[in-house]
Amino acid sequence: MRLSHAATALAVTSALALTLTACGNGSGNDASGDQSSTPASSSSATATDGAPAENAGATKDAGSSTGGGTGTSTGGTGGTSGGGTGAGRCHTAGLGFSFGSGDGKVSSSDDQQQLAVVLKNKTSAACTIQGFPGVDLKSSGGSWSLTRSGATPKKVTLAAGSSTTFTITFLPWNQGSGTEFKATSVVVTPPNETTSTTLAWPGGSVLLQDGATHPGTYTGPVGG
């Protein structure tokens, strides 16, 4: 009987030990499984959700920066070209035309004369003008488009109410000097414009040299 009880006790003890070992191993596996599962899930969420979210934000920021930069750059360019002088181009409708008091002989040897044409900004805003005007002498029998001088045009900024000039150099006609061109008016077209203004010609007859390579009658640039 004593041996039987001892054997029974040993069996119970062994069974209990095996049960505890099994429970301990199962608990360890569950913990290990939770730890490996949780970080993997968290890491996956960061890599999958976080990185694209950051990239999407970066793309959005880059797009915003690009759009804003382009807009600013374009505005700056417009400000520089149009607003650097604070003025746009002068137009015929905004200019007043008259003759100046600069008439006089340029050379006594060929009796060339100069006639200053005044361009006045009659608008309330500044404007710029650069280049050679179109100048046509008119007579009852026809028209003569004057050639340009070899001077280099410069940009002129006209404040509201201010003026600039260009010069018509001409060779008056004298009896026996050649063909007479009886000029009655002069048609002036400002640089880069297509609309003209006509003024009465105050200079008398001009020696016609419309076919000459280097005529004695020509126009200079605005501001020259």
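Residue numbers for the sequence shown follow my numbering, so the first one is 3 and each next one is one higher.
Think of the CB as a built atom: it goes at the ideal place given N, C-alpha and C, for glycine as much as any other residue.
Values in this document were obtained by computation on a predicted structure and should not be read as measured data.
State the start and end residues of the unbroken beta strand (DSSP E) segment that holds K122. The continuous beta strand (DSSP E) containing K122 extends over residues 114-123.
Under a three-way DSSP split, which group does G98 fall into? G98 falls in the strand class under three-state DSSP.
How close, in whole Å, do the beta carbons of V224 and P193 come, if the pair is a contact with beta carbons under 8 Å? With 8 Å as the limit, V224 and P193 qualify as a contact, their Cβ atoms being about 6 Å apart.
Classification of Q211 by the beta-carbon crowding that lies within 10 angstroms, buried from 16 upward: Buried: at least 16 other Cβ atoms inside 10 Å.
Distance, Cα to Cα, T125 vs G102? Each residue's Cα considered, the two are about 20 Å apart.
Can you list, in chain order, the residues of its chain with a C-beta nearer than 6 Å to that of T169? Leave out the 5 residues immediately preceding and following it. Leaving aside the five residues that flank T169 on each side, the residues in its chain whose CB is nearer than 6 Å to its CB run, in chain order, Q116, A118, G222.
Is the beta carbon of P155 less than 8 Å from the beta carbon of G226? In contact: P155 and G226 (Cβ atoms closer than 8 Å).
Taking only the alpha-carbon atoms, compute the straight-line gap between K122 and S165 and give it to the nearest angstrom. Rounded to the nearest angstrom, the two C-alpha atoms are 4 Å apart.
Can you check DSSP and say which residues form a bridge with P223? In DSSP, P223 forms no bridge with anything.
Below 8 Å on the Cβ atoms is my guess for F172 versus Q114; work out the distance and round it to an integer in Å. Going by Cβ atoms, the distance from F172 to Q114 rounds to 7 Å, so yes, they are a contact pair.
Selection from C129, T186, V208 that minimises the alpha carbon distance to L160: Selection C129, T186, V208 evaluated against L160 yields C129 as nearest (Cα-Cα).
What separation, rounded to the nearest whole angstrom, lies between the Cα atoms of L97 and S145? Looking at the two C-alpha atoms, the distance is approximately 24 Å.
Compute the Euclidean distance between the alpha carbons of S100 and G178, then round it to the nearest angstrom. S100 and G178: Cα-Cα distance of roughly 32 Å.
Given a cut-off of 8 Å on the beta-carbon distance, is the pair A89 and A127 in contact? Inclusion of A89 and A127 in the CB contact set at 8 Å is warranted, their separation being smaller than that value.
Measure the C-alpha to C-alpha separation of S181 and F134 and round it to an integer number of angstroms. Contrary to the premise, residue 181 reads as Thr rather than Ser in this sequence. Counting only the Cα atoms, F134 lies some 27 Å from T181.
Inter-residue Cα distance where the pair is T199 and T149: When rounded, the distance between both Cα atoms is 18 Å.
Check whether G136 and T191 have beta carbons under 8 Å apart: It is a contact, given that the beta carbons lie within the stated cut-off.
According to the neighbour-count rule (16 or more other Cβ atoms, all chains shown, within 10 Å of its Cβ), is S29 buried or exposed? With a pLDDT of 42 at S29, under the threshold of 50, the modelled position of this residue cannot be trusted; read the value that follows with caution. By the neighbour-count rule (16 or more Cβ atoms within 10 Å), S29 is not buried but exposed.
Which residue wins for smallest C-alpha separation from S141, given the options A214, A162, V188, T167? Out of A214, A162, V188, T167, V188 has the C-alpha closest to the C-alpha of S141.
List the residues that DSSP assigns as beta-bridge partners of G90. Residue pairing of G90 in beta bridges, as defined by DSSP: C129.
List, from N- to C-terminal side, the beta strand (DSSP E) runs of 3 residues or more that fit wholly inside the stretch 185-219. Runs of the beta strand (DSSP E) spanning 3 or more residues and lying entirely within the stretch 185-219 occur at 187-191, 199-202, in chain order.
In the DSSP assignment, what residue or residues form a beta bridge with W146? According to DSSP, which records beta bridges pairwise, W146 is partnered with L139.
Where does S164 fall in DSSP's three states? Of the three classes helix, strand and coil, the one that applies to S164 here is coil, per DSSP.
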